[in-house]
Every structure is written in structure tokens, then in C-alpha cells.
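S.K.: With numbering that gives the first Met the number 0 applied, the sequence shown covers 0 to 211. All C-beta atoms, glycine included, are put in the ideal place defined by N, C-alpha and C. Everything numeric in this text was worked out from a predicted model, so none of it was measured.
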Amino acid sequence: MPETTALLSFMVLALVVIVVPGPSVVFVIGRAMILGTRGAVISVLGNGIGVGIQILAVALGVGAVVSQSEVLFGIVKVVGAGFLIYLGVEGIRHRRVFAKAQDDEPAVSTRRLLLDSSVVGITNAKTLVFFIASFPLFVNPARGSVVLQMLVLGGFFWVVGIASDLVWAIAAGSARQWLSRSATRLEWVRAGGGVALICLGAYLGLYSLGLL
């Protein structure tokens, strides 16, 4: 286990990173606008699966290998940005299909939602860099298994991150439910969610290429 002081320090750092709205929050809100509360909640869980895989990869040393290879790391960032744009385009293209579904029943299968969101979580360069940069600062080899200590730190981040994203998902889903009283307005809301995902993907893509 990490030292108590180190664990508390990491908790404070993680809370600051999680509380400040970032790409994950924009993703969740965008999905809520397109799919509603249930779809957004499933997306949060899928994203959590992806982030969990990142945590495990970093703890086992795979993340460090990827980050040290400019080609591999560049591929991860570009794929993640491109996938967000794809999800946004799909949200806009199928906004009328989604409009025919019940307010809290996504027109996309649960399996597909989990898979799509997991890809977003795995390719989230921001969290990958955070884990790689912060974990070594809070572990002490003298305290036992370094891998276990990193998993403990990552586990805290994972739980709090999912809880925070669920709050955003429910809040955005509730707002979308109020806006859905008009079918036309609901189509525009879903299209707006798609635009948000496209803008997020474009921003992350340009940033990863050093153009911003």
C-alpha cells in the first residue's frame, strides 16, 4: 500500500483533475444529448472500462512504453480524436432515428455503447499522460509491490472519476429530457451533442499534432 501521506496527496491531485471539466465531461454531455440519461450512463461505464485498462497498462509498464514511442503515442491520440469525430457525425446523421426511440432508451445496443465508449476511454491521451506522470511520484518500493500501489492509486481515480461522470450524465440527461418535449427541438439537441463531440475530437486532434 502507498504511504498514507502519499495516498492523501494523490487523492487531492486526482480530485482537482477530475472536478475541473475536461474532455471526459464534454464526451458524457454530448452522449447524453444524443442518447439520453440511460445511454449516457452506459457510456460512462464503458469509458470507465477503457480508463481501467489504461490504469492496468500503466501499472504493468505498458503505458510507459507507449508514451516513449512518438509513433505509438501519436497513433493513440489520433485514433481517439478520430473516433470522437466519428461518434459525433453518427449522432448528427441518425438524430431522427434516435428521436423515434423512447427518451431513456438509446437506439444503439448496450453492447455497442460499451464498446464505443471503451475505445474513447482507452485512447484518452490526457488520462494516460496523467497516470504515467503521477503514479511514480506517489509510490515507494520500500512499501511493497509497486504494481499494487499503482493499482490502488488508479482505483481511487477510477471510482471518483466514474462517480463524477455519472453526475454529469444524469444532469445532462435530465436537461435533455426537458428539451425533448418538442420532437424538432430534440433533433436539434441531439445534433448539438454530435457537434460537441466533433469539436472535441477536432480540438484533441489538432492539439496532438501541435497545431494548437
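1. For R142, is the classification buried or exposed, using 16 other Cβ atoms within 10 angstroms of its Cβ as the cut-off for buried?
2. Can you tell me where the alpha helix (DSSP H) with V27 in it begins and where it stops?
3. With a floor of 4 residues, list each alpha helix (DSSP H) that falls wholly inside the segment 111-160, ordered by position along the chain.
4. In angstroms, rounded to a whole number, what distance separates the CA positions of G60 and L71?
5. Please name the residue, chosen from Q148, S8 and G47, that lies closest to A58 on a Cα-to-Cα basis.
6. Give me the Cα-Cα distance between F26 and L199, rounded to the nearest whole angstrom.
7. May I have the straight-line CA-CA distance separating R37 from F129, to the nearest angstrom?
8. Is the segment 80-88 close to the segment 149-163, with three or more CB pairs under 8 Å?
M.R.: Taking the geometry as given:
1. Burial call: exposed.
2. P22 to A58
3. 124-133
4. 15 Å
5. Q148
6. 8 Å
7. 29 Å
8. no
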